Every structure is written in structure tokens, then in C-alpha cells.
Amino acid sequence: ISQHAKYTCSFCGKTKMKRKAVGIWHCGSCMKTVAGGAWTY
8 ISQHAKYTCS FCGKTKMKRK AVGIWHCGSC MKTVAGGAWT Y
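Here it is in C-alpha cells:
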């Protein structure tokens, strides 16, 4: 389960992408919110 894992943002390249809700990903660096997969990005 990768709920609390961090992922690399495809926009700014920093490892700040976190899962906010099911299918909602938010980057804390460039503040972009992306709709993606529920468990994998």
C-alpha cells in the first residue's frame, strides 16, 4: 500500500507528489493537482 509514499512530480521533477484522495495527486512543490490512478502514479 503506497498511501504515504512520495512520488516524483512529472511537472517540476521534485519528489513532492502525494496522494490526497483516491485518484487525486498533489505536488507540494509546484502546487499542481493531478487526477491519476487510485493507487499508482
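One point on numbering: in the numbering used here, the residue at position 41 of the sequence shown is 48, and numbering is uninterrupted.
C-beta: ideal position from N, C-alpha, C; glycine also.
Small disclaimer: the values here were computed from a predicted structure and weren't measured.
Asked: DSSP three-state assignment for V41, whether helix, strand or coil; Found: strand
Asked: C-alpha distance - H33 paired with G20, whole-angstrom precision; Found: 13 Å
Asked: Boundaries (first-last residue) of the beta strand (DSSP E) holding A12; Found: Unbroken run through A12: none, as it is neither H nor E.
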